[in-house]
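Sequence lines, in order, name chains A, B and C. According to the numbering used here, the first sequence is numbered sequentially starting from 1. According to the numbering used here, the second sequence is numbered sequentially starting from 1001. According to the numbering used here, the third sequence is numbered sequentially starting from 2001. Data first, discussion second: the structure below is written as structure tokens.
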Amino acid sequence: MEAEAETCHPRPRRSLALSLWTAMMVVALILGNALLAKPSLADEIMTPRKQVPSAFSGWLDEDVGPFPGVVAPEGTYEGKDVEQPIEFPHDLHTATNKINCLYCHTYARRSAVAGIPPTSKCMGCHSIIATDRPRIKQLTEYWDKGQSPPWKKVHDLPDYVRFTHERHLKKFLFDNPDMTVERVDEVCALCHGDVTKMTVAKKQKPLTMGFCTRCHQANGGTFDCQKCHK
Amino acid sequence: MSLVRNFIEDWSRYRRSINEGGFHEYEHMWGMVIDLDKCTGCNACSVACYAENNLAVVGEEKFESGQGMHWLRVERYWDEPNIGNERVRDTQEHGGSFMPMMCQQCNSATCEPVCPVAAAYHTPDGLNAQIYNRCVGSRYCANNCPYRLRYFNFYSYYEDSWPSPLDMQLNPDITVRDKGVMEKCTFCVQRIRSAKNTAKMENREVADGDFQTACQQTCPTTAIVFGDLLDHDSEVHKLWHKFQTKLGTTKQKKDNPELRGYRLYEQLNTEPSVTYLERVRDV
Amino acid sequence: MSKSEFDRRDFLKVMGVSGVAATVAGCDMPSYITSEEGAEEVIPYLSPEEYVIPGVGVWYASTCLQCPAGCGIRGRVREGRVLKLEGNPTMSLNSGKLCQMGQSALQSHYNPDRLTTPLMRKDGALAEATWEDALALMEEKTGPSSGISGHRFAWYTGSVSGHQNVLLKAHLEAMGSSNHFVHEVINTRVWQAVCKEMLGQSMPTLRIDKAGLVLSFGADFLGTWMSPIQFSAQYAAFRSGDERGMLIQAEPSMSLTGANADLWVAVRPGTEGIMALGLANVLIHKERMDASVLPPETQELIARYNVSITSRITGIAGDRLIRIARHLKNRSPSLVLAGGPAAGHTTGFEAVQAAMMLNILLGNVGETIEANADFAFPQLAALGGGTTDLNRFAHAAGSGQLDALFFDGSNPLFGAPDHMNLNEKFDAIPFKVAFSTFMDETTARADVVLPIASAIEDWGTHVAAYQNEQHEIAFQQPLMEPIHPLTRSFGDLLLALNAMRSPGTYDEIDDYYGYLQSALGAIPGVLKGEDAAEDDPLDIQLWNQILQDGRLEVPAETSLFTTSVSIKDITSPPTDEAFPYYLVPTPRSSLYDGRHANLPWLQEAPDQISKVVWTSWAEIHPVTASKLGLEEGDLIRITSASGVLEVPVYIFKGIHTDVVCVPMGQGHTEYGRYAKGRGVNPLKILDPGEDTRTGELALYGTRVGLAAAGRAGRMVKMGNTESQHGRKIVATITAEQQRRNEGES
């Protein structure tokens, strides 16, 4: 959780860094699109999973996982609609445009928290893509003011809980020989529900201690209280 | 019947010392050595602990009624002949005796079995843990601690302790405790967890020196040494070994009884994880 | 959900730490109990650096400015907030360690009583103002068209060094003034002056770690003297070497260093120098040490102080003097230090001289006192403060010599004794500008108050006055964005002031950051190659490396000692019927000179000696207590010729029977919610008097009368017992046993 990186001070030198960043993003996007034509790494990341486990219906029944090596946690939750400053369409990004979850939520594999992507990441694409859409105009407005949209938190844990995304991803995804990175959305879905079918994210799993411990029990996770409670 | 048998079995297993296998299959056994001869009583460790662990500042009135939340306090004693009215004309012949006192992370802790809700329990890395959200505030544990090292939140101290923007300093790795909850030194468990997390991400074991507790890191004379007692290459294991202090006893049997290491009140069979090295007097 | 609960939850949400460990009844509680959806905001970074990851701390190096020792620090930064400070391991001064004052720098930074907006005096009271108005008024009063002439302008600061000092000097030069008062109550000026005279250099390297015995006359080197963290590390080595070193401390009341001494000697205030002479007498005449290193006059002087005379004057038993002298001889090399109370008398210089003479006699010079070098860049070297400047300032202000005063980093109105009448003199200065982070006593009387960035928000370079053999420039860099948008960097303001007086000169420079970069770039071999041309670009990698290390090592060419001994006789203070006791206003490494009284961590940190929190107390001996009929916590009235204090007493034997000790730091009349109206300030009742050679105030020379005030005071202490009651809590063995078991390993 605590990578003790030693660095010089991040003095914002925005103008230059930003234009470079934007340029890189544009190149990456064009390249990425070009590569999509052939089977390649980009292909692996961006094509839909070959075998979609039929929704997540089977999950509640018994300890048959959606993919090998994992027993899915049980429990459902009827989340309420959360009004976000910009109505962000997850489905459009993930299902339609096949963008990998980890492309935006990149911190999830490097930190305890998955984090909301920095606004610069949004602008990396949206300074050239779909700039005429109302929601993008909203985003650009924030950006021009030098602000990030004040997103509302949908998935929240009590502050006496220590949860780490990176370790769960490591176990379920990177250390799981039967999984590949392009199928990360199935891993995310264990706790976040099928985000590829949502616009604004909505809570679909209870994220209670019972939910956690049932999964820990089934998958050999820790039962030491202090590992998860702080 | 089986309930009673289970209880007796569990109990005797629980009371067994680590040398006989102990209660757990220990992954680590975090322990400490404090050299009282190097300790100058400067109090840096205590303030470092306030900074690291979101300890509330309770103010003069509450401190007076014994509510100071100093997880690590530096006790100071004057030697007997120098106290009171005996030999009243004299002045002090030498300095005082300082002792940094924090939870001794007993391996046979008196606080654990009395907790009615099992909020105080022993972890597989030899820590005496306190689970805040489980605690109901019976305070049995504090009453049972011979070291007086458990601190109770009689009030919602956070209401006055961190007026904005002081609250921005609060460490997000630890809870801010509310009233009705018992708290105490954790051996900086958040730093342990974070070091273990890093090690696991790198597919290795935690190595000696990967992290330090807050008190150890700041100590100007390096009087505090912390580490894994099960790791035979660790500094702390070497010191325990050098001074011949062992776990699993109520009285240390040393080849050389003059060696400085001792555990505080170990005769009570609390099995503390902290070894103190005696202060030296040169007169 | 009741209203109050709702408020609490909001409060916690703002903090982002809503860790309410309330009861959670079951594992599958509905989630609204714990974490509501959409209730909390999560605002992402706008455009972060690659290495900034939410939830992961990043460490940045900087410099601690809590006292003038100049230790290196590293701050843990997460989500844009600095959460914890640690010592910087690459800094040779403190090698990764930090004291409680350093740890508390966070609370200076996040303090709720920070100044957040400029203030200007309107109809007698300070009122909120804009930066434009404030700067315009400063331009009007001190700008080129103001007609203010030369020495009628002055700067008043605490110890300064590095580029801040360069810019201050440049500003003074542009103003045509040489009036820079540098004020520091806790300082080592007398020690430095003695070293300069007797060894030829003012800051020799001290090697406690190499000494077999340290004899310290009042120098609290583990607490407040010179560079305590560095000396603490040396002390650890001194205690754990093959042959454990012995520490002897002689002082009127016990300091932190005294509390760690193997032998603690209560000495009558003002007679420390005579004790040193008496020890030299024993060494020469009883222990037959070769005295030929000392000139004949000095030998004659020493000969006058035989054991019985020394014992009578200092109040130390003769056999004890002989014992100390024997230890000094047998445990060579030793190290004799003097400071604090020993230096704080009208004869302070002579007392420290006598101590240094012991070093020369014992052959310590060159062994435990090593020659050091002058700092390679004299314009960056430390300008260490003293109390001489307070006196000079009081004189200048009192005689109407000043028209305008800018002050920063110092609080003279708190530190000045009442007899100076400094408040009135200060008010008489027509235009006073405070560059402050807090509303302290001095700032409250300024005409313009400029809120400056905290040490944790600002850039800077610092050079500690005491450098070991590795000379280094310490770098200060912001650990986070300013909390209060209207505060400004002191460096930026200095640049603006300079630009105001010298138009055109600073046009090329954007800000203090840019100034520091180009100033370092101008030093050959630092930010570009040795033979680089003037207009070659700076190597930004080297710059980043310096910031990452938090330090830049500079070459130090050791110069040799030029020893000369010529010491003077010391007149011991006469008895005073009206005021039979001595007041010792001791500094402690917590509230220091009072500058940390607004930090709740330090207010609640028990004092190292008395374990008192949140207030002032007076330390007295049981003999004194029984004479006055006082018990612990009773109020004592302390009367000097200059004032009266009433304060509860702490009774213990670590103090001379003729002494009352009141630690400095409390007694603020301003300075925010944690400091204001707490305890008493012993500096206020000091009598006039200064060291005749250096002009430093005789802080320890005040005579007082004591009386019971007739009622109990309030004194909150940690713990109710002074004794272990025979239990094995802090166990002790003798050095003999330790040597036997651990000596030769």
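From the three backbone atoms N, C-alpha and C, an ideal C-beta is built for every residue, glycine too.
1. At 8 Å on the CB atoms, spell out the chain E contacts of M1201(B), in chain order.
2. When we look at the beta-carbon of T231(A) and count the other beta-carbons within 10 Å, is it buried (16 or more) or exposed?
3. Taking only heavy atoms of the ligand SAM into account, decide whether any of them is closer than 7 Å to the Cβ of T2130(C).
4. Check whether the stretch 2566–2584 of chain C and the stretch 2040–2050 of chain C touch, using three or more Cβ-Cβ pairs below 8 Å as the test.
5. Rounded to a whole number of angstroms, what is the C-alpha to C-alpha distance between D2389(C) and V2194(C)?
6. What are the residues in the stretch 2650–2663 of chain C lying within 9 Å of chain B by C-beta distance?
7. Grab the span of the beta strand (DSSP E) containing E2086(C) for me, first residue to last.
8. By Cβ distance below 6 Å, which residues in the same chain neighbour L2542(C) in space, the five residues on each side in sequence not counted?
9. Within its chain, find whatever has a CB closer than 8 Å to the CB of A2597(C); leave out the 5 residues flanking it on each side and keep chain order.
10. What is the residue span of the beta strand (DSSP E) that I2324(C) lies within?
11. How is W996(B) classed by DSSP in three states: helix, strand or coil?
12. Check distances from the C-beta atoms of the stretch 2043–2064 of chain C to those of chain A and list, in chain order, the residues that come in under 7 Å.
13. Considering only the alpha carbon of each residue, which of A2446(C), L2093(C) and G2348(C) lies closest to A2134(C)?
14. Run the CB neighbour count on G1096(B), radius 10 Å, all protein chains shown included, and call it buried at 16 or more, exposed below.
15. Using 8 Å as the threshold, is the stretch 1214–1234 of chain B in touch with the stretch 1039–1056 of chain B, meaning 3 or more CB pairs across them?
16. Are three or more beta carbon pairs between the stretch 67–82 of chain A and the stretch 193–213 of chain A nearer than 8 Å?
17. Put H2656(C) into one of helix, strand or coil per three-state DSSP.
18. Could you please give me the residues that DSSP links to S2216(C) through a beta bridge?
19. For R2078(C) and R2114(C), what's the separation of their Cα atoms in angstroms?
20. Could you work out which residue in F2406(C), P2580(C), H2621(C) and D2607(C) is closest to F2490(C) when comparing CA atoms only?
21. Select from G2385(C), H2345(C) and G2594(C) the residue whose C-alpha is nearest the C-alpha of L2693(C).
22. Mark W2626(C) as exposed unless 16 or more other C-beta atoms lie within 10 angstroms of its C-beta, in which case mark it buried.
23. Here's a check: name, in chain order, each residue in its chain whose Cβ is nearer than 7 Å to the Cβ of V2190(C), leaving out the five neighbours to either side.
24. What are the uninterrupted segments assigned as beta strand (DSSP E) that are 3 or more residues long and contained completely in the stretch 2034–2083 of chain C, given in chain order?
25. Kindly say whether Y1132(B), judged by its beta-carbon, lies nearer than 8 Å to any beta-carbon of chain A.
26. Which whole runs of the beta strand (DSSP E) in the stretch 2597–2673 of chain C are 3 residues long or more, in chain order?
27. Can you tell me which of E1202(B), R1139(B), L1127(B) and P1146(B) puts its alpha carbon nearest to the alpha carbon of V1297(B)?
28. What residues match up with W1030(B) in a beta bridge as DSSP calls it?
29. Quick one: Cα of V1961(C) to Cα of S2177(C), how far?
30. Using the rule of at least 16 other Cβ atoms within 10 Å of the residue's Cβ for burial, across every protein chain shown, is D1233(B) buried or exposed?
31. Could you give the distance in angstroms between the alpha-carbon of S2104(C) and the alpha-carbon of V2565(C)?
32. Could you give the first and the last residue of the continuous alpha helix (DSSP H) run that contains W143(A)?
33. In this structure, how does DSSP classify A2021(C) when only helix, strand and coil are distinguished?
34. Name the residue from Q1190(B), T1221(B) and Y1265(B) whose alpha carbon lies nearest to the alpha carbon of V2056(C).
35. Please report whether the beta-carbon of G2398(C) lies at a distance below 8 Å from any beta-carbon of chain A.
36. Check the Cβ of V2613(C) against every Cβ in chain B and list those closer than 8 Å, keeping chain order.
If we stick to the structure as given:
1. The structure shown has no chain E; the protein chains it does contain are A, B and C.
2. Nothing can be reported for residue 231(A): it is not among the residues displayed for chain A, which extend from 1 to 230.
3. Because no ligand of any kind appears in the structure shown, any question about the ligand SAM cannot be addressed here.
4. no
5. 19 Å
6. F2652, K2653, G2654, I2655, H2656 and T2657
7. R2081 to G2087
8. L2527
9. L2591, Q2603, G2665, Q2666, H2668, Y2671, Y2674, A2675 and R2678
10. No beta strand (DSSP E) holds I2324(C); the alpha helix (DSSP H) holding it covers G2318 to N2330.
11. This structure cannot settle anything about residue 996(B), because the visible part of chain B is limited to 1001 through 1283.
12. I2043, P2044, Y2045, L2046, S2047, P2048, E2049, Y2051, V2052, I2053, P2054, G2055, V2056, G2057, V2058, W2059 and Y2060
13. A2446(C)
14. buried
15. yes
16. yes
17. coil
18. Q2249(C) and L2337(C)
19. 22 Å
20. F2406(C)
21. The question names Leu, but residue 2693(C) in the sequence shown is Arg. Checking every option, the nearest Cα to that of R2693(C) belongs to H2345(C).
22. In the sequence as presented, Trp is not what sits at residue 2626(C); that position holds Ser. Result: exposed.
23. A2343, G2348, F2349, V2352, D2691, T2694 and E2696
24. 2058–2063 and 2072–2078
25. yes
26. 2618–2620, 2634–2640, 2643–2651 and 2659–2661
27. Within the shown structure, residues of chain B are numbered from 1001 to 1283, placing residue 1297(B) beyond reach of any answer.
28. D1228(B)
29. One cannot answer for residue 1961(C) here, as it falls past the ends of chain C, which runs 2001 to 2745.
30. exposed
31. 43 Å
32. P134 to D144
33. Any reading at A2021(C) is ruled out, since the residue's pLDDT is 30, under 50, leaving its predicted position unreliable.
34. Q1190(B)
35. no
36. E1060, F1063 and G1068
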